[in-house]
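Student:
2 protein chains.
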Amino acid sequence: MADDPLVIFTPSGKRGRVPAGTPVLEAARKLGVDLDSVCGGRGICSKCQVAPGKGAFPKHGVTVAEDALTGINAVEERYDRIRGLKPGRRLGCQARIQSDVVIDVPPESQLHRQVIRKSASERVMVMDPAVRPFYVEVVEPDLDDPTGDFQRLSMALEEQWQIKGLRADLEVLARIQKVLRKGEWKVTAVVWDDGRQPPQLIDLIPGLLDGPLYGLAIDLGSTTIAGHLVALDDGRVLASSGLMNPQIRFGEDLMSRVSYAMMNPGGAEEMTAAVRDGLGHLATALAEEAGVEPARITEAVVVCNPVMHHLMLGIDPVELGQAPFAPATSDALVLKARELGLKIAPPARAYVLPIIAGHVGADAAAVVLSEQPQKSETPVLIVDVGTNAEIVLGDRTRVLACSSPTGPAFEGAQISSGQRAAPGAIERVRIDPLTKEPRFRIIGVEAWSDEPGFNEAAKATGITGICGSGIIEAVAEMRMAGLVDPSGLIGSAEQVGTARSVPQGRTHSYVLHDGTAEGGPLITVTQGDIRAIQLAKSALYAGARLLMDEFGIETLDRVVLAGAFGAHISPLHALVLGMIPDCAPERVTSAGNAAGTGARIALCSRAARVEIEDEVRRVTRIETAIAPRFQEHFVAANAIPHATDAYPGLVGQVSLPEVSYNTAGDDRPRRRRR
Amino acid sequence: MADDPLVIFTPSGKRGRVPAGTPVLEAARKLGVDLDSVCGGRGICSKCQVAPGKGAFPKHGVTVAEDALTGINAVEERYDRIRGLKPGRRLGCQARIQSDVVIDVPPESQLHRQVIRKSASERVMVMDPAVRPFYVEVVEPDLDDPTGDFQRLSMALEEQWQIKGLRADLEVLARIQKVLRKGEWKVTAVVWDDGRQPPQLIDLIPGLLDGPLYGLAIDLGSTTIAGHLVALDDGRVLASSGLMNPQIRFGEDLMSRVSYAMMNPGGAEEMTAAVRDGLGHLATALAEEAGVEPARITEAVVVCNPVMHHLMLGIDPVELGQAPFAPATSDALVLKARELGLKIAPPARAYVLPIIAGHVGADAAAVVLSEQPQKSETPVLIVDVGTNAEIVLGDRTRVLACSSPTGPAFEGAQISSGQRAAPGAIERVRIDPLTKEPRFRIIGVEAWSDEPGFNEAAKATGITGICGSGIIEAVAEMRMAGLVDPSGLIGSAEQVGTARSVPQGRTHSYVLHDGTAEGGPLITVTQGDIRAIQLAKSALYAGARLLMDEFGIETLDRVVLAGAFGAHISPLHALVLGMIPDCAPERVTSAGNAAGTGARIALCSRAARVEIEDEVRRVTRIETAIAPRFQEHFVAANAIPHATDAYPGLVGQVSLPEVSYNTAGDDRPRRRRR
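In order, the protein sequences belong to chains A and B. Counted from 1, the first sequence has number 483 at position 483 by the UniProt record's numbering; the numbering is strictly sequential. Counted from 1, the second sequence has number 318 at position 318 by the UniProt record's numbering; the numbering is strictly sequential.
(1) Once you ignore the five residues that flank A:Tyr541 on each side, which residues in its own chain have a CB closer than 7 Å to its CB?
(2) Within 10 Å of its beta-carbon, does B:Gly211 have 16 or more other beta-carbons around it, so buried, or fewer, so exposed?
(3) So within the segment 573 to 614 of chain A, which uninterrupted beta strand (DSSP E) runs reach at least 3 residues, ignoring any that extend past its ends?
(4) Can you tell me the Cα-Cα spacing of A:Gly32 and A:Asp104, whole angstroms?
(5) Taking the alpha-carbon positions, what's the A:His60 to A:Ile8 distance?
(6) Within 10 angstroms of its Cβ, does A:Glu494 collect 16 or more other Cβ (buried), or is it exposed?
(7) How long is the line joining the alpha carbons of B:Ala646 and B:Arg132, rounded to whole angstroms?
(8) Here's a check: name, in chain order, each residue in its chain whose Cβ is nearer than 8 Å to the Cβ of A:Glu611, leaving out the five neighbours to either side.
(9) Any idea if A:Leu434 is buried or exposed, counting beta-carbon neighbours within 10 angstroms, 16 or more meaning buried?
(10) State yes or no: is the beta carbon of A:Pro327 nearer than 8 Å to at least one beta carbon in chain B?
(11) Kindly list the residues whose CB is nearer than 6 Å to the CB of B:Trp161, restricted to its own chain and excluding five residues on each side of it in sequence; keep chain order.
(12) Going by beta carbon distance, what residues of the same chain come within less than 7 Å of residue 682 of chain A, once the five residues before and after it are set aside?
(13) In chain B, what lies closer than 8 Å to A:Glu339 by C-beta?
(14) Quick check on A:His112: does DSSP put it in helix, strand or coil?
(15) Taking just the CA atoms, how far does B:Ala287 sit from A:Thr224?
(16) Under a three-way DSSP split, which group does B:Asp128 fall into?
(17) 8 Å is my cut-off, CB to CB: does A:Ala323 come that close to chain B?
(18) Could you tell me the alpha carbon to alpha carbon distance between A:Ile601 and A:Ala366, rounded to whole angstroms?
(19) How would you label A:Thr498, buried or exposed, when you count the other beta carbons within 10 angstroms and need 16 or more for buried?
(20) Let me check one thing: in DSSP terms, what residues is B:Ile297 bridge-paired to?
(21) Give, in chain order, every residue of the segment 132 to 150 of chain A whose Cβ lies closer than 7 Å to some Cβ of chain B.
(22) Apart from the five residues on each side of it in sequence, which residues of its chain come closer than 6 Å, Cβ to Cβ, to B:Ala274?
(23) Is it buried or exposed for A:Ser256, if we count other Cβ within 10 angstroms and need 16 for buried?
(24) Taking the runs of the alpha helix (DSSP H) that are 4 residues or longer, which of them lie wholly in the segment 446 to 483 of chain B?
(25) A:Ala174 touches chain E at which residues, Cβ-Cβ below 8 Å?
(26) When the Cα atoms are used, what is the spatial distance from B:Met478 to B:Lys336?
(27) Spatial neighbours of A:Ile315 within its chain, please: CB distance less than 6 Å, with the 5 preceding and 5 following residues excluded, ordered by chain position.
(28) Return the chain-ordered list of same chain residues with a C-beta closer than 6 Å to the C-beta of A:His513, the five sequence neighbours on each side being excluded.
(29) Measure the alpha-carbon distance for A:Thr516 versus A:Val484 and round it to whole angstroms.
(30) Assign B:His642 to buried or exposed, taking buried as 16 or more other Cβ atoms, counted over all protein chains shown, within 10 Å of its Cβ.
(31) Give me the chain A residues within the contact set of B:Asp219, using Cβ-Cβ distance strictly less than 8 Å, ordered along the chain.
(32) Give the residues of chain A in contact with B:Gln653, contact being defined as C-beta atoms less than 7 Å apart.
(33) Straight-line CA distance for B:Glu289 to B:Ala422?
(34) Among B:Gly424, B:Leu254, B:Val172 and B:Val502, which residue has its Cα nearest to the Cα of residue 676 of chain B?
(35) Leaving aside the five residues before and after B:Arg618 along the sequence, list all residues of the same chain whose C-beta is less than 6 Å from its C-beta, in chain order.
(36) Pick helix, strand or coil for A:Arg17, following the three-state DSSP scheme.
Structure (structure tokens):
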């Protein structure tokens, strides 16, 4: 009615009239304002805190009277006494509207709060997780109502939270009677509801759940399994951890694992057991690192390439090893997390992103979800660097995707002094073009190796090896310093004029750091290391070029480098190495682990799941394995930076010495087996 | 169009005009005629056989021309040559309609064929199982279509069979690629679809499935687990088997198992493991007996009382042991059969009927489904006799149900010479009132023990003990022969005048059969046996009376005796014993294992599941455990047949000698613990 009080909510600006005496929470629901509540307005969860305005609001054309809201009542008074209420804050479920009022909903009171992600394509993410806690009061059983406890719990959730058709696995059903009685029929139901399948009861907690629920975002790579433990109320990351994929003992690259499955009866099962075991360890490690009870981890999202996808699911990947590379299933999946070995809440679900095609996986889908090429005005190239690189090229007209078998070199594997990115690993390298002397930084120490305090600081971890980003910079720097010629050959001490070039068989190695005096390792870059990097970067370049051919463009306007170490790649060095086609260095940005980010986005947002499932159907995938031009591109890309591509974008920014150390008995690189 | 040929299907009588050239199968579908097809009209499954009429059909006002249907084509000719087609039969998918025709659909060609069940309430059951085979041809993958094999299979099922939103468990997903290729993309999909949850892919078979699918109907009792293996095409029972419930070692009656769970940490888990183990053995035994591959057993239906229900599901039954006897869950459940230990097709589902209340279980629901009291014009009492008796009283106005703790005596347990109903067990007994000499029949032998040929025939099995129906008849006969007085006391040799009454401590036993000479057992009915039967029958009677009180009737018009041995109970003896309130013997019928029958009905018909789930909500359950009058009824019912009830219906049919063997030191029966 016209003389009902007018209520205006900020920041949403939603406004409307409600009958005098309406609680603020109820008014917010009526007007579709996003105001959180777990206890359903019983004044115990305090999630619905609001900050009522006072005085004149010419902008809204209202003046708020002192008594626009009812005074502090007993419930609020008690809550304030026991847990403390910030000045000016009220409980939305207790304060009732008496006259025109402007009410601000602070971010922490918004259920679907917005989280800004810093990334190549900066975007706003809205919290909308599939799992949420719901506080309910359940009708007690009596002799005249013989229905089951679960039926009365479901009824309460339907009446108090409009959750219809609740289901529960046996392990939860087996617990509810004790919990209902322990909580004296007041419980918090943890419900998984993706809006598409019947809602599932994941857990039941006596009384009001205190603290948030958590989820796992997992990027299951061929070499590394990376995971984030995420709070499902605001999306913050509480712990990130990674471990080597235990499947490595069956083969370092994907295709060698596929052939292991082909050659060895039961081989696929072995690998499935191994990766599920790894996932279990990762989940446990993340929970410990964050000090979170595994029972509070109530959902997981997994992204991976198709071969890992099949092996994780217990599906023989043999079909992925031969044309037409048909996957057993390509759509997104909802499974029980325990089926995948994840030791979290027993009934927790695991959402597996859809795969795009036989060689283009859920990880590529996650990269698309994270970087949103389909919304870019100009074509953007996104490379997610790993043992198998996902490469995406697109703009709002179309999106192309392929994967390329770079091998594990970029992750520090198959490198003589290589190691995973961990404290003590060399991650940055600079080589003086004149003295040919190196300086470097190791993970965990701020100072460069030639700066004061480095040696002391380095004692903690030691200088243990070279990680992926380190080897990329090292090879690029060696090329710029003239230690390596365009063909990738390391010159001898005489040729390059430094004793750091030491003979090794018929080839040479460059000594980056000699720790032997202190009992540490001798860290060198060998000719073999250079070859491994050349093979990897050629595969990456060839894949990117293939997409450019298909897209019909010759040059790149924007490149996003992603990958387990993507955040640490120096764009300049990547270009010098020829990892990616030429592009102005300032137009090359890093997005960190885009696949992992995509997994986190899907974990925090049900809408994002629908979005990526639709988008995946629109992505055109290019099959590198059978594209004739892939070979050409690959061979031409073997030179550093490239045999034919002039890299005009680099010109002027760096000088690449015209040297050649080619003598008799040079060893040509071999095309790596896919 | 008016000049389109007119087609009339019999027996349905459905008629309509279809364009000339329409295949009979297609016409049947158009007109909603029930004509089976697994191959979807490809002329390979032969399920759609029809018998076209010839000549004049004045009844339908049509005359069928010789060429009303197209002639035998190559497909039919080939099918007839290889597998043989009955004379006059055509394949509905091949024969096309050219002019007016009358077409008969033989029973075996009806998908939803009717099965007449002989039972107290004779009824027609329509085959409508949840699991069915569907033959499909799946699009092969190619490089331009990167979707998964499962997605293309789902598409085929949607396009060819209108099955939408198919789901599959991991174990099936892991097999489909091999099967699709083995079947060269022609496969039979076994799909579970109860019409309420998303359809599930249960199995995938290369080419056309030959032979039917099977299901298990299981009646999980406190003492016995009985199972039927049923063909899902026509509902016939291929094997029936039973085994003792392995939980007996934890306690013979339900409440002693509940207390075992209360007293022993992990006790409930032990009992769950035991019963699931038993279910596994039963499933294996049934498959072997019928010579059916376990992989072809694609669904199971389970009925049981609430305590067994909880223990089977892994739920601690403690709440069922104390008022208000709240079950953890009461609605019908759909689970994976393997979760319950059933060793059948791994992804097979198990449907568990709803339970009515804390003491009135899914077995009572199954009895209602089988006997349909809610459709009876006059009140009918249905007792399903077991260790825990389900008792139902109702008519179309209302249905009451309760359960009563009879103990295992009626199943031959806790009886000195008792045994399960198996070959060699005494099942019928007659005692000459004058000579006091017994004659009996054993299971597996037609002749009575005093008839020629009995001894030879009995050698095969021996005379091993007394089963439930045998002990009931024995006690009733002993009462009629004056060997036992109304209080249940066995008279001494002197008192009853036969040496077959032998002293045993302070009481006497009656020798039914002495096989010791041939090394067989001495089979007697002891005073303890009589007491056990008295306790059991008193509990049964008291429960029935409680329902009559509630229903407001004094006498019964109709009684249905059901139970594991229900088919073998003699109504007259049941009345003499006072198992049930008085009723004219000819109005007492037997329904065999009504609970098991109910399970079979639910297995064969999805509609029956919906029906019983609705009906259960309307049933009023009476809680015997807290009804004060139960005690009164129980005590009064201890006498044989009864202390106060005159049993007018029996009068004139039998004479009950007015004897009394009550002396000093008589032992009064104790109320058994519930």
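Here a beta-carbon is modelled for each residue, glycine too, at the ideal position from N, C-alpha and C. Because the structure is a prediction, the values reported are computed rather than measured.
Tutor: In terms of the structure at hand:
(1) Excluding positions up to five away in sequence, the list reads Gly578, Met579, Ile580, Pro581, His633 and Ala637.
(2) By the neighbour-count rule (16 or more Cβ atoms within 10 Å), B:Gly211 is not buried but exposed.
(3) 588 to 590
(4) 14 Å
(5) 8 Å
(6) exposed
(7) 55 Å
(8) Once the five neighbours on either side are set aside, the close Cβ partners of A:Glu611 are Leu369.
(9) Answer is exposed; the Cβ neighbour count stays below 16.
(10) yes
(11) Shown here for B:Trp161: same chain residues with a beta carbon closer than 6 Å to its own, the five before and five after excluded, namely Phe134 in chain order.
(12) This structure leaves residue 682 of chain A out entirely; chain A is present only between 1 and 674.
(13) Leu170
(14) Three-state DSSP puts A:His112 in coil, outside helix and strand.
(15) Distance between A:Thr224 and B:Ala287, taken at the CA atoms: about 47 Å.
(16) strand
(17) yes
(18) One alpha carbon belongs to A:Ile601, the other to A:Ala366, and they sit about 9 Å apart.
(19) buried
(20) B:Tyr214
(21) Pro141, Asp142, Leu143, Pro146, Thr147, Gly148, Asp149 and Phe150
(22) Within the same chain, Cβ atoms closer than 6 Å to the Cβ of B:Ala274 are found at Pro246 and Gln247, the five residues on either side in sequence being excluded.
(23) exposed
(24) Within the segment 446 to 483 of chain B, the complete alpha helix (DSSP H) runs of at least 4 residues are 454 to 459 and 468 to 480.
(25) Note that chain E does not occur in the displayed structure, where the protein chains are A and B.
(26) 50 Å
(27) Contacts found: Ala328.
(28) Here the set comprises Ile463 and Ile523.
(29) 25 Å
(30) Using a 10 angstroms sphere on the CB of B:His642, the tally of other CB atoms reaches 16 or more, which defines it as buried.
(31) Here the premise fails: no neighbours, minimum Cβ distance about 21 Å.
(32) In chain order: nothing, as chain A lies at least about 40 Å away.
(33) The alpha-carbon atoms of B:Glu289 and B:Ala422 are separated by roughly 16 Å.
(34) In this structure chain B extends from 1 to 674, so residue 676 of chain B is not present and cannot be described.
(35) none
(36) strand
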